[in-house]
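The sequence shown stops at residue 282 when you use the numbering used here, and every number in between is there.
Note that the Cβ used here is the ideal one computed from N, Cα and C, for glycine as well.
Okay, so here's the structure we're looking at.
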Amino acid sequence: MGFGDQVEWYEELPSTMETTAARGREGAPEGLLVVAERQTAGRGRLGRHWESPEGGIWLSLLLKPEPAFQSFGLIGICFAIAAAESASHVADLQVGVKWPNDIMVGDRKLGGLLAESHVEGDKVRFIVIGLGMNVNIPAEGFPAPLRDSATSLLIEKGTPFSCKALISDFLERSEPLYRQLLAGNKDKMFEEWNRLDTGPGKRIKAVRNGEVIDGQVSGIDPEGALLVECPDGLKAVSSGEVEWL
Ligand code: BT5
Numbered sequence: 038m039g040f041g042d043q044v045e046w047y048e049e050l051p052s053t054m055e056t057t058a059a060r061g062r063e064g065a066p067e068g069l070l071v072v073a074e075r076q077t078a079g080r081g082r083l084g085r086h087w088e089s090p091e092g093g094i095w096l097s098l099l100l101k102p103e104p105a106f107q108s109f110g111l112i113g114i115c116f117a118i119a120a121a122e123s124a125s126h127v128a129d130l131q132v133g134v135k136w137p138n139d140i141m142v143g144d145r146k147l148g149g150l151l152a153e154s155h156v157e158g159d160k161v162r163f164i165v166i167g168l169g170m171n172v173n174i175p176a177e178g179f180p181a182p183l184r185d186s187a188t189s190l191l192i193e194k195g196t197p198f199s200c201k202a203l204i205s206d207f208l209e210r211s212e213p214l215y216r217q218l219l220a221g222n223k224d225k226m227f228e229e230w231n232r233l234d235t236g237p238g239k240r241i242k243a244v245r246n247g248e249v250i251d252g253q254v255s256g257i258d259p260e261g262a263l264l265v266e267c268p269d270g271l272k273a274v275s276s277g278e279v280e281w282l
């Protein structure tokens, strides 16, 4: 089954992540797309809240990578590229990415990616990808604390865009990138990430196994970890919290 061959479209859900995971457990095929026009309990990474008012794209996609997939760190990278390129193409706008999963317009967050793997024993049974993108949300549609850090296509361009057209474009771009990733052809993906990456040159702070990493971002490594140039050498940060300074 191709991406989006099967679609469930809802006016409102708590979170598309849960509905898609439930379908995964029920044996739904790879490529199932679940879309909600509003979410009441949208979430980001590490259990953070994700604002999901009407006017955005809130979707999840079910993946069942075969053979067993190792490079989990690259999944979010692959879909973030597709999302940034779709927004850029549909809205004719410069859209970038920020490690690990942010879709950015300048310094503001246009959207974010979430990848959750569901394991059984030591085998990944399925992965649920979540994409949130602020499409037709006016500035007053965001709660006050987000107004300086979030943006939407409507805010950037002053005109609304078709969510359906954006979703189709995203599915058309992400599926070949994902298939190439599964086949081990990562060169094009890295090339595209490097072209869109807003991180290089910026300073970050992170904690890795109790060690504080403080340095300048240079890019990502072959497993999708963030590469940071520190006074005592190049270090890779693969997970946890990164503070962008
Ligand atoms: C993300 O998390 O960026 C991943 C967001 C994934 C959301 C999608 S929507 C469809 C699917 N169903 C779900 O329930 N989730 C997925 P993270 O990097 O943790 O960023 C979260 C932070 O972004 C929050 O703590 C806020 O500061 C900020 N934020 C929340 N809502 C936002 C919004 N709509 N636009 C921009 N920033 C937002």
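Buried versus exposed call for residue i [16 or more other C-beta atoms within 10 Å across all chains shown]
i: Gln107; result: exposed
i: Ala220; result: exposed
i: Pro137; result: buried
i: Cys267; result: exposed
i: Lys223; result: buried
i: Glu248; result: exposed
i: Ser123; result: buried
i: Asp206; result: buried
i: Ala152; result: buried
i: Gly270; result: exposed
i: Asp159; result: exposed
i: Ala176; result: exposed
i: Val156; result: exposed
i: Ala119; result: buried
i: Gly79; result: buried
Limits of the beta strand (DSSP E) - the one that residue i falls within
i: Trp281; result: 279–281
i: Asn171; result: 160–171
i: His155; result: 145–157
i: Arg232; result: Taken as a continuous stretch (DSSP letters only), Arg232 belongs to no beta strand (DSSP E), being part of the alpha helix (DSSP H) at 224–233.
i: Gln253; result: 248–257
i: Met141; result: 139–142
i: Arg82; result: No beta strand (DSSP E) holds Arg82; DSSP gives it neither H nor E.
i: Trp46; result: 44–50
i: Arg240; result: 240–245
i: Glu266; result: 263–267
i: Leu271; result: 270–274
i: Gly133; result: 133–135
Reference residue i, options the options, closest by Cα
i: Val127; options: Arg210, Trp95, Phe227; result: Arg210
i: Pro182; options: Phe109, Glu212, His86, Val249; result: His86
i: Ile241; options: Glu153, Val265, Leu151, Glu229; result: Val265
i: Gly143; options: Val254, Leu150, Lys135; result: Lys135
i: Leu147; options: Gly113, Val132, Asp251; result: Val132
i: Leu282; options: Leu263, Ala243, Ala262; result: Ala243
i: Asp129; options: Asp251, Ile166, Gly149, Glu193; result: Glu193
i: Met54; options: Phe40, Cys115, Leu150; result: Leu150
i: Gly39; options: Ile114, Ala65, Trp95; result: Ala65
i: Arg184; options: Asp159, Arg145, Leu208, Asp269; result: Arg145
i: Gly277; options: Ile112, Thr188, Leu83; result: Leu83
i: Glu67; options: Leu96, Thr56, Pro102; result: Pro102
i: Ile164; options: Pro51, Ala273, Ala58, Ser52; result: Ala58
i: Gly252; options: Lys239, Ala187, Val161, Ile140; result: Lys239
i: Asn246; options: Val254, Ala273, Arg62; result: Ala273
i: Ala187; options: Glu45, Tyr47, Ile140; result: Ile140
i: Glu63; options: Tyr215, Leu191, Arg162; result: Arg162
Residues of its chain near residue i, where Cβ-Cβ distance is below 8 Å and the 5 sequence neighbours each way are ignored
i: Ile49; result: One point to set straight first is that residue 49 is Glu, not Ile, in the sequence displayed. Result list for Glu49: Ala73, Glu74, Arg75, Gln76, Thr77, in chain order.
i: Glu280; result: Ile241, Lys242, Ala243
i: Ile204; result: Gly41, Leu70, Val72, Ile94, Leu96
Start-to-end residues for the alpha helix (DSSP H) that takes in residue i
i: Ser211; result: 200–219
i: Ala128; result: 109–128
i: Gly61; result: 53–62
i: Leu69; result: Here Leu69 belongs to no alpha helix (DSSP H), and DSSP marks it neither H nor E.
i: Lys101; result: No alpha helix (DSSP H) contains Lys101, which DSSP labels as neither H nor E.
i: Trp190; result: Checking the displayed sequence, the identity of residue 190 turns out to be Leu instead of Trp. Element bounds for Leu190: 190–194.
Same chain only: Cβ atoms within 6 Å of residue i, ignoring 5 sequence neighbours per side
i: Leu69; result: Gln43, Arg60, Leu99
Contacting residues, own chain, Cβ-Cβ under 7 Å from residue i (five flanking each side not counted)
i: Gly92; result: Val172, Asn173, Ile174, Gly178
i: Gly256; result: Asn231, Asp234, Pro237, Leu264
i: Gly81; result: Trp87, Gly149, Leu151
i: Ser125; result: Gln131, Val132
Expected contact under 8 Å - CB spacing of residue i and residue j to nearest Å
i: Ser89; j: Gly169; result: 7 Å
i: Leu233; j: Ala121; result: 5 Å
i: Ile166; j: Phe198; result: With 8 Å as the limit, Ile166 and Phe198 do not qualify as a contact, their Cβ atoms being about 21 Å apart.
i: Gly261; j: Gly41; result: Actually they are not in contact, since the Cβ atoms of Gly261 and Gly41 sit about 24 Å apart, beyond 8 Å.
i: Ile114; j: Met226; result: 7 Å
Proximity test, Cβ basis, 7 Å: residue i and chain D
i: Asp42; result: Annotation note: the requested chain D is absent from the structure, which comprises a single protein chain.
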